[in-house]
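There are 2 protein chains.
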Amino acid sequence: MSGEDAPAQQQNAVDQKQETKPAEEPKAEPPKTESAEAAATPAATTEKAPEEETFTYRALVLTGYGGYDKVKLQVKKGKPALKAGEVLVRVKVCGLNFADLMARQGLYDRLPSPPVTPGMECSGVVEAVGEEVTDRKVGDKVMVLNRFGLWQEVAVVPASHTFLIPDGMSFEEAAALPVNYITAYLMLFDFGNLRPNQSVLVHAAAGGVGIAATQLCKTVKDVTVFGTASASKHEAISQGGVTHAIDYRTKDYVEEVRKISPKGLDIILDPLGGSDTHKAYNLLKPMGKLITYGAANMLAGQRKNLIAVAKNWYHQFSIHTLSLIQGNKSVCGFHLGYLDGEMELITQAMNTILDLYKQGKVKPRIDSTWHLEQVGDAMRKMQERNNIGKMILTTEPMPEEEKKEEAKKEDKKEDKKKEEKKKDDKKKDDGKKEEKKDDKKKEEPKKEEKKEEPKKEEEKNEEAKKEEK
Amino acid sequence: MSGEDAPAQQQNAVDQKQETKPAEEPKAEPPKTESAEAAATPAATTEKAPEEETFTYRALVLTGYGGYDKVKLQVKKGKPALKAGEVLVRVKVCGLNFADLMARQGLYDRLPSPPVTPGMECSGVVEAVGEEVTDRKVGDKVMVLNRFGLWQEVAVVPASHTFLIPDGMSFEEAAALPVNYITAYLMLFDFGNLRPNQSVLVHAAAGGVGIAATQLCKTVKDVTVFGTASASKHEAISQGGVTHAIDYRTKDYVEEVRKISPKGLDIILDPLGGSDTHKAYNLLKPMGKLITYGAANMLAGQRKNLIAVAKNWYHQFSIHTLSLIQGNKSVCGFHLGYLDGEMELITQAMNTILDLYKQGKVKPRIDSTWHLEQVGDAMRKMQERNNIGKMILTTEPMPEEEKKEEAKKEDKKEDKKKEEKKKDDKKKDDGKKEEKKDDKKKEEPKKEEKKEEPKKEEEKNEEAKKEEK
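Taken in order, these protein sequences are the chains called D and A. Start counting the first sequence at 9; every next residue gets the next number (this note's numbering). Start counting the second sequence at 9; every next residue gets the next number (this note's numbering).
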C-alpha cells in the first residue's frame with residue numbers, strides 16, 4: 009500500500025469503538041481476498057492464512073473536515089497486501105505536523121478527501137517486505153516519510169520512503185525527524201545556500217521546523233539566528249542556538265531585527281504567509297532569500313475560519329520580477345508535501361541529516377508524547393503554540409486506568425465543545441470587526457481566548473504525561 | 009570622483025570636435041579650481057600646476073536619450089581631483105554592456121540624466137592615488153567596476169572599485185571580465201547554488217554573460233548547459249561548453265529542452281523578461297531556480313520602442329507565494345547595477361573568478377574592439393546580436409587615415425539615418441500590427457530588417473578591424 013492506496017483500504021475497515029484486544033471483535037467479517045499478485049508476495053507466504061483473517065489494527069481516520077474531534081480512532085481488519093517494492097511497517101511512533109492541522113480543516117490539498125488516515129511521518133519496525141525490495145529486511149528499524157496514511161499501527165509504504173534508524177536514536181526521535189529536518193535542511197542549504205557569517209530569521213523558533221532550522225544554522229560558522237517565540241519559550245530556544253530571541257507578541261519583530269542588523273537579513277524562513285511575507289521581503293538584504301513554506305496565519309480556531317483564510321489570500325504576497333531585479337532578491341516556496349516525486353533529493357538530504365545526528369550536531373527535541381486516543385488534545389496544543397519541540401503520538405495501547413480518566417475527560421469535552429462553539433461564533437463576529445484593524449493587532453483576540461483556556465488544557469497535559477510515566 | 013560625481017565634472021568639460029592633440033585646443037578656458045580639500049590630495053601635489061591647466065581627455069557622453077548617435081565623443085578639460093579613498097585611472101579599454109543600450113534609450117534608472125558619461129567597466133593603469141588609499145599605487149594595472157562614468161580616457165573611482173589585473177591577462181580581457189563574470193558567478197553560485205549533475209538554461213549563450221555563465225557551469229562536474237543562439241553561432245558556443253545548442257529563431261526552445269530533459273531544469277538564467285519569464289518558470293524542476301536579470305525583450309530598434317516596453321510590462325512576470333510553495337520553486341532577480349553598495353560581496357566573487365582565470369578555467373572571449381569614435385557601430389552590432397563574446401572600446405587614438413574613412417562613413421551614416429528613420433516609422437506601424445500576434449513571432453520583424461542591413465554593417469566592421477591591425 010502506497011499512501012495513495014490508503015483510502016481504498018479503509019473501505020475494508022470496520023468502524024467500531026476502540027478496544028484493546030480488537031481481535032476478539034465479534035462482528036468480524038471475512039477479509040476480502042487480495043489480488044493474486046499481492047497474495048504471492050513474500051509477506052503473504054510468511055504469514056499463516058488464519059492470522060490474515062484475524063489481522064486487525066488501530067488507525068486514526070479523518071472522518072470529515074472540521075475540529076479536533078474529526079480525527080477518530082478506528083479498528084481496521086484484514087492484513088494489507090504488499091506490492092512489489094513495498095514494505096509493511098509496524099508503527100511505533102508518529103509525528104504531528106502543521107500540515108496535519110491544515111488538512112483537518114480542509115486546507116491542505118495533498119490529503120485525499122475523508123475518510124482518510126493522515127500522518128506524514130512515523131517510526132517503526134519492518135514486519136514484511138514485498139517483492140523486489142533488496143535494501144530492507146524484516147526487523148529493520150525504520151523511519152518513514154509519506155504523503156499521508158501513517159497515523160496507524162500498520163502502514164504499507166514504498167521501501168524508498170523508509171530510512172534506517174541509526175544506532176542510538178529512539179523511535180521517538182526517529183518519528184520527530186523526517187518532516188522537520190528535511191524541510192529545514194532543503195530550505196537553508198538548497199534554496200537558502202546558507203554560508204558562514206550570514207543571518208537568518210526563524211519564525212516559531214520553538215516549533216518543530218524552528219528547532220531543526222536553528223540546529224542546522226549552528227552547523228555553519230558564525231551564523232546569527234533571530235528566532236521569534238513567546239517570552240516563556242525564550243530560554244529554551246536560546247539554549248537551542250537562537251542568537252536573538254524576539255517575543256513577537258509584545259514587540260515588532262521587524263524593528264527588533266533592524267536594531268541589530270540594520271541592513272537586513274540574508275535568509276528568512278516564513279511559515280506564516282499573508283502580511284508577514286511582505287514584511288519578510290522588505291527585511292531582506294541584497295542577495296537575500298525569502299523562503300515561504302506555509303500559511304500558518306490561515307489557522308485561527310479549530311475549524312476553518314473563512315475570515316482568516318480570506319485575509320491570508322487578500323494579503324497573499326505577489327511579486328513582480330522588476331522588483332526582484334532592482335532589489336537583487338530571491339523568493340522561494342517550499343513544501344515537502346509537494347516534493348514526494350523527488351525521493352532521490354530527499355534521500356540525499358536525509359543522509360546528510362543522519363550524518364549530522366551521528367556527529368551530535370542535530371537532535372530532535374520532543375515536546376510531549378500522546379496516545380492515539382489523545383490526538384485531538386495533541387493537535388490543540390500544537391495549534392495553540394503551547395509546545396516546545398515536536399508533538400508525537402505513540403501506538404502503545406493506553407493503560408486501562410488512563411482510559412477511564414479519558415472517558416471522564418470526554419464528558420468534560422462535550423461541555424467544552426458547546427463552550428467552544430459559542431466562542432467560535434463570537435470569534436467570527438470579532439473577526440468581522442477586526443478585519444479593518446491594523447495587522448499588528450491580529451494576535452490579540454487569540455491571546456484573550458487563551459487567557460480563559462490553556463490553563464485547564466495545560467493541567468490536563470501534565471496529568472496525561474504523569475500517567476504515561 | 010566617485011561615479012556619482014561624474015555629471016558635475018562634465019560641467020567643466022568643453023564640448024568640442026574631437027582632435028588627436030586636444031591640448032592645442034585654442035579656446036581653452038581656465039579650469040575651475042577644485043575645492044581646498046581636493047587640492048590637498050597627493051595627486052594634486054605630484055602634478056605641476058601648468059599640467060593641470062592643460063590637462064584634457066576624451067570622453068564619451070550620452071547627450072540625450074535616443075539612438076546610437078546620442079553618445080558623442082567630447083574633449084574635457086581640467087584634471088579631476090581625487091578625494092580620500094579614490095584613484096585616478098588612465099583608461100585603456102572599456103566594456104560594453106546591455107545595460108548601456110538600455111541606458112541610452114532611457115530605460116535604465118541607474119544612469120543619471122544626460123549629459124553623462126556611461127560605462128560600467130574598464131581596464132587601465134593607476135595614474136594617481138588619493139589619501140587613505142593603501143592597496144593601490146601609481147602604475148598598478150587594474151580593472152574597474154563602477155555604476156557609470158568609465159567610457160573616457162581618465163576616470164576617478166573609489167580604490168575599492170578596482171581589482172588588480174593578474175599576470176598574463178590583457179587589458180582587453182580585463183575590460184571584458186567584471187560585469188559579465190560577476191553577474192554570471194553570483195547568479196549561478198549564490199542564487200542558483202549550482203551543484204554537480206544539474207542542468208542550466210543559458211539564453212543568448214554567445215553574449216557576454218552567456219559565455220561567462222557557460223564557462224562557469226563547466227567548472228562544476230557534469231553540468232548540462234542548454235544554450236540558445238542563432239544557428240551561425242552554434243559552433244562557437246558548443247566549443248565554449250554548451251551541451252545542447254538551440255536555435256531559438258527556428259525552434260521552440262521549451263520543446264527542445266523538454267525532449268532532452270522532460271522533468272525540466274534546475275537553473276534558468278533569464279535576460280529576456282516578458283513572456284519568456286513565464287516559459288522559464290514552467291520549465292523549472294521542483295527545487296528549480298529561475299534567475300531573471302534583464303528585459304532584453306524591451307529593446308526593439310535603436311530608440312525607445314513604446315510598444316515593446318508596454319508589451320514587456322504587460323507580460324511582466326508576477327508570482328504568488330502559493331504557486332511557489334506548491335511548485336517548490338524559486339524566483340530571483342539580479343542586476344549588478346543595483347548591487348553597488350555590496351563591494352565586499354563583489355570583491356569575494358571577483359577573487360574567486362580571478363582564481364579560476366589563473367587556473368585556466370575561465371577566459372573572456374572578445375568579439376571585437378572599437379575606437380571611441382565607433383561606439384555607435386559597436387552598440388548597433390551588440391543590439392542586433394551579431395556579436396559572439398564581448399564588445400569592447402579602446403581609448404587608443406584612431407589613426408588619421410582611418411579617421412578619414414570614418415568621415416566618409418559619417419556621410420553615408422547621414423543617409424542611413426534618414427533610411428533608418430523611415431524604417432523606424434515603419435517598425436512602429438509593424439509593432440502596432442504585431443501587437444496582437446503570437447509572441448513566438450516577435451523575432452520576425454527584426455530578421456526581416458536584418459536581411460537588408462547587417463551585410464553592409466559587417467563589411468564595415470571587417471574594414472574597421474583590418475585597419476586597426
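Yeah, the Cβ is synthetic: ideal placement off N, Cα and C, and Gly gets one too.
Can you check whether the CB of residue j is closer than 8 Å to the CB of residue i?
i	j	result
A:Q223	A:G200	no
D:L202	D:V265	no
A:G281	D:T191	no
A:A214	A:Y189	no
D:L158	D:G138	no
D:M194	D:A357	With the sequence shown as reference, residue 194 of chain D is identified as Leu, and Met is not the correct amino acid for it. Going by C-beta atoms, D:L194 is nearer than 8 Å to D:A357.
A:C225	A:V233	yes
D:P186	D:L153	yes
D:G86	A:K337	no
Taking only the alpha-carbon atoms, compute the straight-line gap between residue i and residue j and give it to the nearest angstrom.
i	j	result
D:V339	A:M406	49 Å
A:G74	A:V370	35 Å
D:Q391	D:V250	22 Å
A:L401	A:V101	6 Å
D:K312	D:Y116	11 Å
D:P174	D:C130	15 Å
D:E180	A:I327	39 Å
A:P123	A:G72	7 Å
A:K149	A:T142	15 Å
D:A111	D:M387	12 Å
A:G345	A:R118	7 Å
A:K40	A:A136	Here the model assigns A:K40 a pLDDT of 40, short of 50, so the residue's position is not dependable and the matter cannot be decided.
D:I276	D:A288	7 Å
D:R373	D:S331	39 Å
A:S269	D:I333	28 Å
D:L104	D:V79	13 Å
A:Q310	A:D385	11 Å
D:S10	D:V164	Reliability of the predicted coordinates at D:S10 is poor, the pLDDT of 37 falling under 50, and the value obtained from them is presented with this limitation in mind. Whole-angstrom Cα-Cα distance: 6 Å.
A:M399	A:S178	15 Å
A:N305	A:R257	14 Å
D:F63	A:T227	57 Å
A:D363	A:F197	15 Å
A:K91	A:I315	44 Å
D:R144	A:T170	59 Å
My assumption, with CB atoms under 8 Å, is that residue i sits in contact with residue j. Please give the rounded CB distance.
i	j	result
D:V97	D:G132	4 Å
D:G235	D:G272	In fact, because the Cβ distance is near 17 Å, the residues do not count as touching under 8 Å.
D:K259	D:D274	22 Å between Cβ atoms; not a contact.
D:D375	D:G397	4 Å
D:A183	D:M151	7 Å
D:A239	D:I245	That pair is no contact at about 11 Å.
D:L5	D:V262	Because chain D here runs from 9 to 477, residue 5 of chain D falls outside it and cannot be looked at.
Which same chain residues end up closer than 8 Å to residue i when comparing Cβ atoms and leaving out the 5 residues on each side of it in sequence?
i	result
A:R66	Q26, P30, L81, Q82, V83, K84, Q160, E161, L380, T403
A:G93	G138, E139, E140, V141, P166, A167, S168
D:T125	A14, Q18, A67, L68, V69, L70, F156, G157, L158, W159, Q160
A:P204	V228, K229, D230, V231
For residue i, which residues of its own chain have a beta-carbon under 6 Å away from its beta-carbon, when the five flanking residues on both sides are left out?
i	result
A:T285	D278, T300, F325
D:V146	V134
A:H242	A253
D:N395	D375, K389
D:M351	S168
In chain order, what residues of the same chain lie with their CB nearer than 7 Å to the CB of residue i, ignoring the 5 residues before and after it?
i	result
A:G114	Y73, K312
A:H343	Y301
A:K366	P174
Any beta-carbon of chain B closer than 8 Å to the one on residue i?
i	result
D:P294	The structure shown has no chain B; the protein chains it does contain are D and A.
Legend entry - Completely contained beta strand (DSSP E) runs for the stretch 207 to 277 of chain D, where each covers 3 or more residues: As for any beta strand (DSSP E) of minimum length 3 sitting wholly inside the stretch 207 to 277 of chain D, the runs are 207 to 210, 232 to 236, 252 to 254, ordered along the chain.
Inset, instruction - Quick one: which unbroken alpha helix (DSSP H) runs of 4-plus residues sit fully inside the stretch 286 to 342 of chain A? Chain order, please. - result: Here the runs fully enclosed are 314 to 322, 329 to 335.
Legend entry - Whole beta strand (DSSP E) elements within the stretch 85 to 151 of chain A, 3-residue minimum: With a minimum length of 3 residues, the continuous beta strand (DSSP E) runs that stay inside the stretch 85 to 151 of chain A are 94 to 103, 129 to 137.
Inset, instruction - Write down every uninterrupted run of the alpha helix (DSSP H) in the stretch 343 to 381 of chain A whose length is 4 residues or greater and which is fully enclosed by it, in chain order. - result: Fully contained in the stretch 343 to 381 of chain A are the following alpha helix (DSSP H) runs of length 4 or more, in chain order: 351 to 366.
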